[in-house]
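Peer 1: Below you'll find the structure I mean.
There are 2 protein chains.
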Amino acid sequence: MERVRSVEVAARVGQRVRVVGWLQSVRRLGAISFLVVRDGAGVVQAVADPARLAALGAAQAESVVAVTGEVCAVPQAPHGVELREVALEVISEAAEPPPVQLGKKLANVPLPALLDHAVVANRFPQRRAIFRIGAAAMRGFRAALDAEGFVEIQSPKLVEAATEGGAHVFAVDYFGRPAYLAQSPQLYKQIMVGVFERVYEVGPVFRAEPHDTARHINQYTSLDVELGFITDHFDVMAQLTRVLRGMLAEVAAACAPELALLGARVPELPEAVPHLHFTEALELLAGPLGEAVRAEPDLSPAGERWLGQWARERFASDWLFVTGYPMRKRPFYTHPDPERPEHSRSFDLLFRGTELVTGGQRLHRHASYLAALEARGMSPAPIAAYLEAFRHGMPPHGGFAIGLERFLLQLLDLPNIRLAVLFPRDLTRLSP
Amino acid sequence: MERVRSVEVAARVGQRVRVVGWLQSVRRLGAISFLVVRDGAGVVQAVADPARLAALGAAQAESVVAVTGEVCAVPQAPHGVELREVALEVISEAAEPPPVQLGKKLANVPLPALLDHAVVANRFPQRRAIFRIGAAAMRGFRAALDAEGFVEIQSPKLVEAATEGGAHVFAVDYFGRPAYLAQSPQLYKQIMVGVFERVYEVGPVFRAEPHDTARHINQYTSLDVELGFITDHFDVMAQLTRVLRGMLAEVAAACAPELALLGARVPELPEAVPHLHFTEALELLAGPLGEAVRAEPDLSPAGERWLGQWARERFASDWLFVTGYPMRKRPFYTHPDPERPEHSRSFDLLFRGTELVTGGQRLHRHASYLAALEARGMSPAPIAAYLEAFRHGMPPHGGFAIGLERFLLQLLDLPNIRLAVLFPRDLTRLSP
Chain A
7 MERVRSVEVA ARVGQRVRVV GWLQSVRRLG AISFLVVRDG AGVVQAVADP
57 ARLAALGAAQ AESVVAVTGE VCAVPQAPHG VELREVALEV ISEAAEPPPV
107 QLGKKLANVP LPALLDHAVV ANRFPQRRAI FRIGAAAMRG FRAALDAEGF
157 VEIQSPKLVE AATEGGAHVF AVDYFGRPAY LAQSPQLYKQ IMVGVFERVY
207 EVGPVFRAEP HDTARHINQY TSLDVELGFI TDHFDVMAQL TRVLRGMLAE
257 VAAACAPELA LLGARVPELP EAVPHLHFTE ALELLAGPLG EAVRAEPDLS
307 PAGERWLGQW ARERFASDWL FVTGYPMRKR PFYTHPDPER PEHSRSFDLL
357 FRGTELVTGG QRLHRHASYL AALEARGMSP APIAAYLEAF RHGMPPHGGF
407 AIGLERFLLQ LLDLPNIRLA VLFPRDLTRL SP
Chain B
7 MERVRSVEVA ARVGQRVRVV GWLQSVRRLG AISFLVVRDG AGVVQAVADP
57 ARLAALGAAQ AESVVAVTGE VCAVPQAPHG VELREVALEV ISEAAEPPPV
107 QLGKKLANVP LPALLDHAVV ANRFPQRRAI FRIGAAAMRG FRAALDAEGF
157 VEIQSPKLVE AATEGGAHVF AVDYFGRPAY LAQSPQLYKQ IMVGVFERVY
207 EVGPVFRAEP HDTARHINQY TSLDVELGFI TDHFDVMAQL TRVLRGMLAE
257 VAAACAPELA LLGARVPELP EAVPHLHFTE ALELLAGPLG EAVRAEPDLS
307 PAGERWLGQW ARERFASDWL FVTGYPMRKR PFYTHPDPER PEHSRSFDLL
357 FRGTELVTGG QRLHRHASYL AALEARGMSP APIAAYLEAF RHGMPPHGGF
407 AIGLERFLLQ LLDLPNIRLA VLFPRDLTRL SP
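Protein chains in written order, with the working numbering: chain A, 7 to 438; chain B, 7 to 438.
Set out below in structure tokens:
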């Protein structure tokens, strides 16, 4: 008999269907048992008496099974149906119980157990929901950019020199020569503006930061965008807003059940996201956080939270751009504000009071790069190839990068970024 | 004045427009000069007399310029138009000529020069065409799989043990512990079949093979697919055929000018790609290549070429599946053919007589893995996490991987795979 997917069963009341998937749980209630079978799409409940249940033999939860049965309308069952008069068949037997019980609430499973046994624990309905939302976000990201003529690129992950400064890179033995894992596609996406004007990349980046926090991982997925022929960073902010709108729209359209399962909702994104200059932000913060903040070169987490609340109250917005961060806290390729050269044409996008995206305009003249490197005491030699692009005509350009896992962390209000990664890599974890 | 993109100029005959882009070439013909300006989309020709040309100053080819002029119909010009009565403005000056002349034929530029100066040489129209076709192929790949309910995943690139056997891995210093760059997402995509049934990944893979050939690179982009609940490898071959159809359709739909520029065309893909068993292939080859081939465990390049020609003549197909390769030449996770256990449920897809894709059914029972590892003298310990998935219920499954650059190499009949990579990594090349 042809297989029916779990989500299609509700449309087959009165028919006999065959569902295949994983035996998520068996609840024995006296004379009958309730089985929950999960496939890639969802779950189906089945009812069996002991004689029929005997076909399972010693098969434990998570065995792969086929359940053939009659579809009956049962309002209190998942999707309002259950299978009765079932015939059970074990396709692939699990001989022992799963290392974590998938019927449990995810929040009740300790994080180390979840991560140690991720190969099975990723089957948790809530885990699956997070990853499906991540996949939808990537689809929305690409669709928004494809529609505007951006070209997808793939940059090298093995590089000769650290992209974003010398620390926190993983060293690789490249046929006996030293190499590093790329910390970002920053330099390559800029170079590629010289080729296609508008490019994006979705790929892994590697940060050897020895931090053990709920917000740090050492490999993450970076959604990188760079575009040429801009006027200033406000063009980049407008582009980011359109991209986020595409991501949120795809999540909302494709993942309603997943959002419901996680108790999350897709936030409103205003037509024009409010923005304020870094110096204005400090003015605002001097009241609640004290005059000393005026001397700070960056916003503190407390400052960001306060501004997030302020944007919520003032503009009814979960989103706030802060522009014009001091040049000294930004990387060498940052474009200064010609009218206030100590401030940059950069921005952070705060979402509910936490930084989600960083971006800005970059330098585009060769001479500006040489001056910027000299001012920072950096040698141009390790990035000679990158600088070659600027010797041969580069337009004003800028871009941004969205960390996919950070996006999920904040969108879904997860307690730990590791929950947004299939198989996280951190200070102590290289497996599974 | 608002910018007009090069490809939109032809629709503006009689109007004055502003085009911005790179000054690709200046040809001086006595009293007038012909300029070619290139933007992300294409090129536009402009005509200027010496007085107007003076605005360029010392700006060399590849300077970023704005050309404002009247659009005139000129049949022999690119897109049938040229700009006259122009005003020129230098936006970003290139002070020296480009390291490779972009007006040249790509084939006339030596490969080392092309690769050493890739940051500029990627601007070559033919190079851009190759990468645009690659981006279209990725779009087609994802669209075909999204439409069938596959979930996109991102797997770790830093791993504790070599995926495909111990040799040819890059070693990484992971916070003082030894780690390796993943040679493929093979084990992770199989694990994820246990979560979503159907998954795909587009990402970099790393092979430390010390080969210096026109077909080898050490980082490439792998388009990986894995699907559960299959009957055998023929389900995987059918899935691959649908995916390739999607890739080719998107390339044909989106890249007609690029294909024309490269003199390539998208091949027909038969509704059902012809297939033959490995043993049948050897039977056929014994005639032309000699009886000794019957003892071979694999097909030689000469054998593949002969079979490609045969498929062309016999089925009018550029494509041919060869199935049932001997188990001893396939990796440990390969599923044997139960009726001929020395042969596998695997396949290679030949395209015009060269292997393009490898795939097959995998083992799915825990006991089968233990037996397969023992038979090969491999320890289960380094892949304990992977094996855990099979202890807890995995369905019959299989998959395949398409190397994006290999696909472009063969589709476009390129002389060297490095031409299909933005910034290739090979035995000697770590930069740009």
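Every residue gets a Cβ at the ideal spot worked out from N, C-alpha and C, and that includes glycine.
Going straight from the alpha carbon of A:Pro445 to that of B:Gln416, what length do you get?
Peer 2: In this structure chain A extends from 7 to 438, so residue 445 of chain A is not present and cannot be described.
Peer 1: Compute the Euclidean distance between the alpha carbons of B:Ala407 and B:Arg311, then round it to the nearest angstrom.
Peer 2: If I take the Cα positions, the gap works out to 21 angstroms.
Peer 1: Give the list of continuous alpha helix (DSSP H) stretches no shorter than 4 residues that lie fully inside the stretch 14-66 of chain A.
Peer 2: Within the stretch 14-66 of chain A, the complete alpha helix (DSSP H) runs of at least 4 residues are 56-59.
Peer 1: Looking at A:Leu164 and B:Arg431, is the spacing between their C-beta atoms short of 7 angstroms?
Peer 2: In this structure, A:Leu164 lies closer than 7 angstroms to B:Arg431 by Cβ.
Peer 1: Shortest alpha-carbon distance to B:Arg145 belongs to which of A:Val208, A:Gly200, A:Val115, A:Ala65?
Peer 2: Among A:Val208, A:Gly200, A:Val115, A:Ala65, the Cα nearest to that of B:Arg145 belongs to A:Val208.
Peer 1: Of the residues B:Phe176, B:Ala135, B:Phe429, which one's Cα is nearest the Cα of B:Gly269?
Peer 2: Nearest of B:Phe176, B:Ala135, B:Phe429 to B:Gly269, Cα basis: B:Ala135.
Peer 1: In or out: A:Thr340 buried (at least 16 other Cβ within 10 Å) or exposed?
Peer 2: Per the 10 Å Cβ criterion, buried.
Peer 1: Name the residues in the stretch 421-436 of chain B whose C-beta lies less than 9 angstroms from a C-beta of chain A; which are they?
Peer 2: Residues Val427, Leu428, Phe429, Pro430, Arg431, Leu433, Thr434, Leu436.
Peer 1: Relative to the C-alpha of B:Val25, which residue among B:Leu229, B:Ser374, B:Ser39, B:Val49 is closest?
Peer 2: Of the candidates B:Leu229, B:Ser374, B:Ser39, B:Val49, the one whose C-alpha sits nearest the C-alpha of B:Val25 is B:Val49.
Peer 1: Under 9 angstroms between beta-carbons, which chain A residues line up against B:Leu376? List them in chain order, please.
Peer 2: Under the 9 angstroms cutoff, chain A gives no residues; its nearest Cβ is about 12 angstroms from B:Leu376.
Peer 1: Would you mind giving the Cβ-Cβ distance between A:Ala65 and A:Ala100, rounded to the nearest angstrom? I have them listed as a contact below 8 angstroms.
Peer 2: Right, their Cβ atoms sit about 6 angstroms apart.
Peer 1: From which residue to which residue does the alpha helix (DSSP H) around A:His239 run?
Peer 2: Note, A:His239: alpha helix (DSSP H), 239-260.
Peer 1: Name, please, each residue of chain A whose Cβ falls closer than 7 angstroms to the Cβ of B:Arg213.
Peer 2: Per Cβ cutoff of 7 angstroms: no residues; B:Arg213 is ~11 angstroms from chain A at best.
Peer 1: On the CB-based measure, 16 or more other CB atoms within 10 Å of its CB, does B:Arg265 come out buried or exposed?
Peer 2: The question names Arg, yet the displayed sequence has Leu at residue 265 of chain B. B:Leu265 is buried by the Cβ-count criterion.
Peer 1: What does a CB cutoff of less than 7 angstroms around A:Ala292 pick up in its chain, not counting 5 residues either side in sequence?
Peer 2: If we look at A:Ala292 and ignore the five residues flanking it on each side, its Cβ neighbours are Val299, Arg300.
Peer 1: Using 8 angstroms as the Cβ pair cut-off and three pairs as the minimum, do the stretch 381-400 of chain A and the stretch 42-56 of chain B touch?
Peer 2: At 8 angstroms Cβ cutoff, the stretches do not touch.
Peer 1: Tell me B:Thr285's beta-bridge partners as DSSP assigns them.
Peer 2: According to DSSP, B:Thr285 bridges with nothing at all.
Peer 1: Using a Cβ cut-off of 7 angstroms, pull out every chain A residue sitting near B:Thr227, in sequence order please.
Peer 2: In chain order: Gln160.
Peer 1: What are the residues in the stretch 393-412 of chain B lying within 7 angstroms of chain A by C-beta distance?
Peer 2: Within the stretch 393-412 of chain B, the residues whose Cβ lies closer than 7 angstroms to some Cβ of chain A are Glu394, Ala395, Arg397, His398, Gly399, Met400, Pro401, listed in chain order.
Peer 1: A:Tyr339 by DSSP, collapsed to three states: which one?
Peer 2: DSSP places A:Tyr339 in coil when its eight states are reduced to three.
Peer 1: For a contact defined as C-beta to C-beta under 8 angstroms, what are the partners of B:Ile97 on chain A?
Peer 2: Under the 8 angstroms cutoff, chain A gives Pro401, Pro402.
Peer 1: DSSP three-state label for A:Gly309, please.
Peer 2: In this structure, A:Gly309 counts as helix in the three-state DSSP scheme.
Peer 1: Could you spell out the range, first to last residue, of the beta strand (DSSP E) harbouring A:Ile408?
Peer 2: First-last of the beta strand (DSSP E) with A:Ile408: 403-409.
Peer 1: Bridge partners of A:Ser228, per DSSP?
Peer 2: Answer is A:Gly209, A:Gly409.
Peer 1: Going along chain B in order, which residues have a C-beta closer than 9 angstroms to the C-beta of A:Pro163?
Peer 2: With the sequence shown as reference, residue 163 of chain A is identified as Lys, and Pro is not the correct amino acid for it. Near A:Lys163 (Cβ distances below 9 angstroms), the residues of chain B are Lys163, Leu187, Pro210, Phe212, Gln225, Arg431.
Peer 1: At which residues does the alpha helix (DSSP H) containing A:Gly200 begin and terminate?
Peer 2: A:Gly200 -> alpha helix (DSSP H) spans 192-202.
Peer 1: Going along the stretch 334-355 of chain A in order, which residues come within less than 7 angstroms of chain B, judged by CB to CB distance?
Peer 2: Listed in sequence order: no entries.
Peer 1: Which whole-angstrom value is the C-beta distance of A:Gln51 and A:Leu108, which I expect to be below 8 angstroms?
Peer 2: Going by Cβ atoms, the distance from A:Gln51 to A:Leu108 rounds to 15 angstroms, so no, they are not a contact pair.
Peer 1: Indicate whether at least one CB of chain A lies closer than 7 angstroms to the CB of B:His239.
Peer 2: Judged by the 7 angstroms Cβ criterion, B:His239 is not in contact with chain A.
Peer 1: For a cutoff of 7 angstroms on Cβ pairs, would you count A:Pro104 as touching chain B?
Peer 2: True, the Cβ-Cβ gap to chain B drops below 7 angstroms.
Peer 1: Is the beta carbon of B:Ala378 less than 7 angstroms from the beta carbon of B:Phe338?
Peer 2: Taking 7 angstroms as the Cβ cut-off, B:Ala378 and B:Phe338 qualify as a contacting pair.
Peer 1: Which of the three DSSP states is assigned to B:Val125 in this structure?
Peer 2: Here B:Val125 sits in helix by DSSP.
Peer 1: If we cut at 7 angstroms on Cβ distances, does B:Pro438 have a partner in chain A?
Peer 2: For B:Pro438, the answer is yes, since a Cβ of chain A falls inside 7 angstroms of its Cβ.
Peer 1: Using DSSP with H/G/I as helix, E/B as strand and the rest coil, what is A:Tyr186?
Peer 2: Reduced to three states, the DSSP call for A:Tyr186 is strand.
Peer 1: Contact check, B:Val249 vs B:Phe147 under 8 angstroms by CB: the rounded distance?
Peer 2: So it is a contact: roughly 6 angstroms between Cβ atoms.
Peer 1: Of the choices B:Pro332, B:Phe357, B:Leu356, B:Val328, whose alpha-carbon is the least far from that of B:Val345?
Peer 2: A small correction: the amino acid at residue 345 of chain B is Glu; Val does not occupy that position in the sequence shown. Nearest of B:Pro332, B:Phe357, B:Leu356, B:Val328 to B:Glu345, Cα basis: B:Pro332.
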